[in-house]
Amino acid sequence: MFLRAKRLTALALGPVLMLFGLLQAGTAAAAAKVNEINMSPGATEVGQRIFDLHMTIFWICVIIGVLVFGVMFYSIYYHRKSRGVTPATFHESTKVEIAWTVVPFFILIGMAVPATSTLLEIYDFEDAEMDVLITGYQWKWKYEYLNESGENVAFFSNLRTPQGEIYNTEDKGEHYLLEVDEPLVIPVDTKVRFLVTANDVIHAWWVPELAVKKDAIPGFINETWTHASEEGVYRGQCAELCGKDHGFMPIVVNVVSKEEYASWLSEKQAEAAEIKKLMAQTFSMDELMERGKAVYDRSCAACHGASGEGGLGNAIAGSPIATGDLAGHLEVGINGVPGTAMQAFGGQLNDVDMAAVITYQRNAFGNNMGDTVQPIDVFNHKKG
Amino acid sequence: MGDHHHGPAKGLSRWLFTTNHKDIGTMYLWFSFAMFILGGSFAMVIRAELFQPGMQLVDPLFFNQMTTLHGLVMVFGAIMPSFVGLANWMIPMMIGAPDMALPRMNNWSFWILPPAFLLLASTLFMDGGAPAFGWTFYAPLSTTYAAPSVTIFIFCIHVLGISSIMGSINIIATVMNLRAPGMTYMKMPLFVWTWLITAFLLVAVMPVLAGAVTMMLMDIHFGTSFFSAAGGGDPVLFQHVFWFFGHPEVYIIILPAFGVVSQIIPAFSRKPLFGYDSMVYATASIAFLSFIVWAHHMYTVGMPIAGELFFMYATMLIAVPTGVKVFNWISTMWRGALTFETPMLFSLGFLVLFTIGGFTGLMLSIAPADFQYHDSYFVVAHFHYVMVAGAVFSMTAAVYYWLPKWCGKMYNETMGKTHFWISFIGFNLTFFPQHFVGLAGMPRRIPDYALQFADFNMMSSIGAFIYGSSQILFLYNVIATIVAGKPTSDEKVWDGAEGLEWTVPTPAPYHTFETPPKIDPGHAHS
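Residue numbers (my numbering), protein chains in the order written: chain A, 1 to 384; chain B, 1 to 526.
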């Protein structure tokens, strides 16, 4: 009830807020503002320049609009037939017509100058201090830290909002649809270059407050960069329609101090070393099932249904693949089914997770194969 | 046929076999209105789902089918055919021709449309669902990752393309060959001029669209890799080809609208159109520029800086001829004697809202700023200001303006004005807040959104329901006029209207200008 009343007030206040919002210059704030009506200058210098450019052109348009509509409404009021006016008969004026062709041309040149210099700055990819490879997948992001010494750090970033919130059985949290299981972490005051690509269809990596939007195109690598000057959590979303769950692949970037970043990175590297060790181990059915469920919910449930009932993808429950030959099951999981939405997960899941999720699919949802898959099986299958 | 004064045939065969430009125009207009209602009902589904955060009514895949079909049906089924219908009715009457130059082809170009859209709509019931990749159908989402119905979709696009090309050839042939003696090019009504230029645009770019979908077909069924990097192709190539069609396409939609407004504003200002010559030149310049700006839809695909700058400058230039047009319309009103009947109200609504859409278009042309606007709701707001308030408002104005001439009866003015005000308010309530959510970071084509966008989305949905339902009033008004409107037999229904169409009897007889009218050589354009 309270929420509804609040919403109605907000609706009524909308137009008023619009005016206030236009007047505020806007300061960089990491928290999303309800009913925000303008672009955010964000946390970068480039973002501030884009914001200034946006406001300059906005105000030029407002001034032209006031003049043009002013003349129009003057005419609508004073030149109406009911006031008994006699219509004039003029229908051209070379001087005036030349003027309103030439003057806008010069206004445009005035706009093009700052636009060009901002664009040149955005296109300056030199002197990046670190690189992150961003890969778009249906429907999640993969982040890989390049040029690092020690273990390679790479992970997927999935939507964390529970299905219950989306389907209205639970209350929605503060960062509804804009929260992930594992955010991208980058250091503050550092020029970070992003290499953006995709694995399946075209996606676009957009974080408004970092002033970055770049298409992720399968088979090509795009460059872009950011230089955040304030620590904080910045949220964004995929901007290019990429299929069913396009609206459900958010981006969260934690900008942290350089020290915090260094310790985070070494922790991730230790984790990666740990996984490497796990690869050589043998797991019990219970261990595999537990790990497998987590992997399934994260990577498979979107298409195959939370209880394996199917959806965009085939049902897992009773599926001829999940209840058939193990090699065939591994093949589909690792290499996908070309020409369909079933992706090759071999590069997305490590061998431990792959072994766990295959085991899980064969022994959950009423499937009862009783066999386990070990990381070494996955490794061998990949080797062929 | 000895009898030149025969009337229409009886029954269904009149409509199936007709070669009469008025019959075909009427069919085009009714068909496009039916598509407007169909595409509109898809929009209602979209806005109902977006009324509140969370998924309530449809699943995300169906939502994508709705956004895709809404765009396709509105662009290819509602707006384009409605202006072709208007061209059929009005161009022969405006240039003093007895009919279109190629009447049998005219019949065919209409009659292949309904089956094409029936097929397109039928994809909703197919395995895997209707196309769900957006009306811009970017590869590889529309090739490797598409539902099987994409093949039907490709076939439909081919049929629509054939229809459009035939319609355009007909218009070009009619305007070039069938003008009454003395009707020189620079005396043609502006509506005829804008359509002539539009027809050339269509003939130039529809084959490009056909090429794009043919490449898709090859990629899907015949093992080619035009749009797949894995086989040596490039997904971005698709976007270049698509937008080389797509940008002229937006002018194909808006130029006839410019023409309509250029007829109506002088009529209700009781003053000749200001700057006729510059209007013609501005239209031609816009048409030329439309061919060299396509990549401004693709600023974020990773073009080299030189390309980025070229497309930015070229796009900004469009503001010049567009500005000329707006200034001319306002100067036409200046010191006129204005009245505000429904056609004029819709034309003024067009003028104000199209200009706002023009401003946001200018903002979008600025490449660095577009990195933030691109694919957000700001873009959705922008193109609905030019498509709906531009094309649809002017089309509505045209129907009210010429309806009395078509059927010899007056529509109900009060109901017409009510229709305008509800449309105007509903439209702005729908699309103005979308500028805000877009700037605040809401991407387009998402079925669900973060909580901070909730209030404006609710406003938008309420506005959409208002705008949508106001069209029922429009339908009622038109039918009531045809069935029981107040008869009028004035040749000139509107005292300020100029042009040959106002010299024929009201209602316009089945055949007009069987002998060409005499054009006073001293008389200026109409």
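For glycine and all other residues, C-beta sits at the position ideal for the given N, C-alpha and C.
Interface flag, residue 41 of chain A vs chain B, CB-CB below 7 Å: no
Residues that residue 452 of chain B contacts on chain A, provided the C-beta gap is smaller than 8 Å: 32, 33, 34, 35 and 36
Interface residues of the stretch 320-342 of chain B facing chain A [CB-CB below 9 Å]: 320, 321, 323, 324, 326, 327, 328, 329, 330, 331, 332, 333, 334, 335, 336, 337, 338, 339 and 340
Closest residue to residue 354 of chain B among B:272, B:370, B:84 and B:261 (Cα-Cα distance): B:261
Sequence-distant residues of its chain with Cβ nearer than 6 Å to residue 117 of chain B (five each side left out): 77
Cβ contact check for the stretch 483-491 of chain B and the stretch 408-417 of chain B: 3 or more pairs under 8 Å: Output reads yes: the stretch 408-417 of chain B touches the stretch 483-491 of chain B.
Separation of residue 216 of chain B from residue 200 of chain A, as counted between CA atoms: 16 Å
Residues, ordered as in the chain, of the stretch 302-318 of chain B that lie near chain A by beta-carbon distance below 9 Å: 302, 304, 305, 308, 309, 312, 313, 316 and 317
Chain B within 7 Å of residue 257 of chain A, Cβ atoms only: With 7 Å as the cut-off, residue 257 of chain A does not count as an interface residue toward chain B.
Best match in B:224, B:240 and B:314 for proximity to residue 233 of chain B [C-alpha to C-alpha]: B:224
Span of the beta strand (DSSP E) around residue 130 of chain A: 130-137
C-alpha distance - residue 242 of chain B paired with residue 283 of chain A, whole-angstrom precision: 52 Å
Inter-residue Cα distance where the pair is residue 280 of chain B and residue 237 of chain B: 34 Å
Option in B:321, B:246 and B:315 with minimal Cα separation from residue 277 of chain B: Shortest Cα-Cα distance from residue 277 of chain B to any of B:321, B:246 and B:315 involves B:321.
Contacts of residue 247 of chain A in chain B (Cβ-Cβ under 7 Å): Correct list: 60, 446, 447 and 448.
Residue closest to residue 369 of chain A, alpha-carbon to alpha-carbon, out of A:321, A:196, A:338 and A:45: A:321
Min CB distance residue 605 of chain B to chain A below 7 Å: Residue coverage of chain B in this structure runs from 1 to 526, which leaves residue 605 of chain B outside it and unanswerable.
Euclidean distance between Cα positions of residue 472 of chain B and residue 229 of chain A: 54 Å
Cβ of residue 205 of chain A within 7 Å of any chain B Cβ: no
Residues that residue 64 of chain B contacts on chain A, provided the C-beta gap is smaller than 8 Å: 241, 243, 244 and 246
Residue 362 of chain B: contacting residues in chain A (beta-carbon distance under 9 Å): 57, 60, 61, 108 and 111
Residue 60 of chain B to residue 244 of chain A span [Cα, whole Å]: 6 Å
Unbroken alpha helix (DSSP H) run spanning residue 294 of chain B, endpoints: Run containing residue 294 of chain B: none; DSSP gives neither H nor E here.
Contact with chain A by residue 377 of chain B, beta-carbon distance below 7 Å: no
Which of helix, strand or coil DSSP assigns to residue 10 of chain B: Coil at residue 10 of chain B, not helix or strand.
Selection of the stretch 216-232 of chain A by Cβ proximity to chain B, strictly under 9 Å: Within the stretch 216-232 of chain A, the residues whose Cβ lies closer than 9 Å to some Cβ of chain B are 217, 218, 219, 220, 221, 222, 223 and 224, listed in chain order.
Test: residue 191 of chain B CB closer than 7 Å to a CB of chain A: no
Under 7 Å between C-beta atoms of residue 313 of chain A and residue 304 of chain A: yes
Distance CB(residue 193 of chain A)-CB(residue 225 of chain A) smaller than 7 Å: yes
Below-7 Å beta-carbon distance, residue 54 of chain B vs any chain A residue: At least one beta carbon of chain A lies nearer than 7 Å to the beta carbon of residue 54 of chain B.
Short-range partners of chain B found in the stretch 170-203 of chain A, where Cβ spacing is below 7 Å: 172, 176, 177, 178, 200, 201 and 202
Same chain, Cβ closer than 7 Å to residue 172 of chain A, neighbours up to 5 away in sequence not counted: 165
Beta-carbon spacing of residue 269 of chain A, residue 150 of chain A below 7 Å: yes
Simplified DSSP state of residue 1 of chain A, which is helix, strand or coil: Its pLDDT being 37, under 50, residue 1 of chain A is placed unreliably by the model, and the measurement read from it follows with that caveat. It is coil, neither helix nor strand.
Distance between residue 338 of chain B and residue 505 of chain B (C-alpha atoms, nearest Å): Distance between the alpha carbons of residue 505 of chain B and residue 338 of chain B is about 26 Å.
CB contact check: residue 440 of chain B to chain A, cutoff 7 Å: Residue 440 of chain B counts as touching chain A.
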